[in-house]
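The sequence shown begins at 4 in our numbering and counts up one residue at a time.
Ideal Cβ positions, reconstructed from N, Cα and C, are used throughout, including at glycine.
Only a predicted model underlies this, so the values are computations on that prediction, with no experimental measurement involved.
Quick notes on the structure that follows.
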Amino acid sequence: MISKELVAIAIAAAIMMNALVGGPSTGPSMNPARTIGAAVATGEYRQMWIYLVAPPLGAIAGAATYTLIKP
């Protein structure tokens, strides 16, 4: 069994890596609602599609991976 402390460290590490890797290109925006609000305020919609498409695709990929490797 994995301890809660290790889960918290793993989540924090994932968020940190997302900010470090995605920061230069996204600002880093990890919340589609925040991105949509900023896009509406600035009138800049060019790359907003990725924030709307990627979360569902990631959820599908995660669910499929879990289904394949679950014990």
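Does DSSP put residue i in a helix, a strand or coil?
i: residue 40; result: helix
i: residue 54; result: helix
i: residue 69; result: helix
i: residue 46; result: coil
i: residue 21; result: helix
Below 8 Å on the Cβ atoms is my guess for residue i versus residue j; work out the distance and round it to an integer in Å.
i: residue 54; j: residue 35; result: 4 Å
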